[in-house]
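K.L.:
Chains as they are written, first to last, in this note's numbering: chain A, 52 to 166; chain B, 737 to 848.
Here it is, written out as structure tokens:
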């Protein structure tokens with residue numbers, strides 16, 4: 052079955068530690084995205100990538116980093132510089148970057164809790 | 737800037753009741769409009785979309801019409817089921833961009 056997988060589903064981190072969230076897709080989509088979801092605030096875009104080896108900052112990129120070395124993979128690192136990292140993180144992908152109306156497909160999410 | 741405004745929830749209904757969730761938008765270009773649904777503990781799924789004015793998106797009994805004159809994309813369903821209980825997000829994307837701009841979501845609770 053084609054789709055987007057995120058791992059782990061739940062992640063706990065101590066303050067001051069970096070942590071990497073995995074996102075893999077086998078849909079052969081060019082574009083991939085990372086969103087953060089907080090209660091009552093909808094989804095906010097962290098980073099997105101239209102093509103391998105290229106990515107752009109979204110609205111809330113501070114304290115996060117990404118890489119796109121393979122088309123299928125777009126890992127997100129939450130660094131110790133992120134002041135309030137506890138949230139639900141969602142990865143998405145779409146076929147045609149830069150096209151309004153193109154559907155984004157979402158993974159199941161990773162819930163990160165900082166202890 | 738571009739934005740989406742949704743009615744606050746929760747919306748609480750009895751099974752078989754009529755559902756409306758209001759969504760209005762502000763955009764400088766000609767946006768495409770989307771409704772996504774999120775079931776507890778899961779990611780988002782596309783429910784329906786419309787890419788130009790007067791288009792109607794529909795899926796699983798849900799409908800929404802792109803109204804440019806009122807900048808709205810209200811979600812409706814004639815008869816809700818308990819299984820429709822979820823959070824519904826309205827979103828827009830503007831010409832030639834990758835970005836989706838989301839509303840804050842509306843929680844729907846349907847009771848038997």
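Even glycine gets a Cβ: it sits at the ideal position worked out from N, Cα and C.
Here the structure is a predicted model, which means the values were calculated and not measured.
Grouping DSSP H, G and I as helix and E and B as strand, with all else coil, what is residue 110 of chain A?
P.N.:
Of the three classes helix, strand and coil, the one that applies to residue 110 of chain A here is coil, per DSSP.
K.L.:
From residue 110 of chain A to residue 737 of chain B, what distance separates their C-alpha atoms?
P.N.:
About 13 Å.
K.L.:
What in chain B is Cβ-close to residue 126 of chain A, meaning under 7 Å?
P.N.:
Chain B residues near residue 126 of chain A: none, gap ~17 Å exceeds 7 Å.
K.L.:
Return the residue from the list B/787, B/847, B/802 that minimises the CA-CA distance to residue 154 of chain A.
P.N.:
Measuring from the Cα of residue 154 of chain A, the nearest candidate turns out to be B/787.
K.L.:
Using a Cβ-Cβ distance under 8 Å, would residue 96 of chain A count as near chain B?
P.N.:
Residue 96 of chain A counts as touching chain B.
K.L.:
For residue 789 of chain B, which residues in the same chain have their Cβ closer than 6 Å to its Cβ, ignoring the five residues on either side in sequence?
P.N.:
Closer than 6 Å at the Cβ level, and outside the excluded window around residue 789 of chain B, lie 802, 804.
K.L.:
Out of B/770, B/776, B/812, B/747, which has the shortest C-alpha to C-alpha gap to residue 785 of chain B?
P.N.:
For residue 785 of chain B, the nearest C-alpha among the options comes from B/770.
K.L.:
Does DSSP put residue 820 of chain B in a helix, in a strand, or in coil?
P.N.:
Helix.
K.L.:
Give the DSSP bridge partners of residue 812 of chain B, in chain order.
P.N.:
Answer is B/756, B/799, bridged to residue 812 of chain B.
K.L.:
Quick one: Cα of residue 114 of chain A to Cα of residue 129 of chain A, how far?
P.N.:
When rounded, the distance between both Cα atoms is 6 Å.
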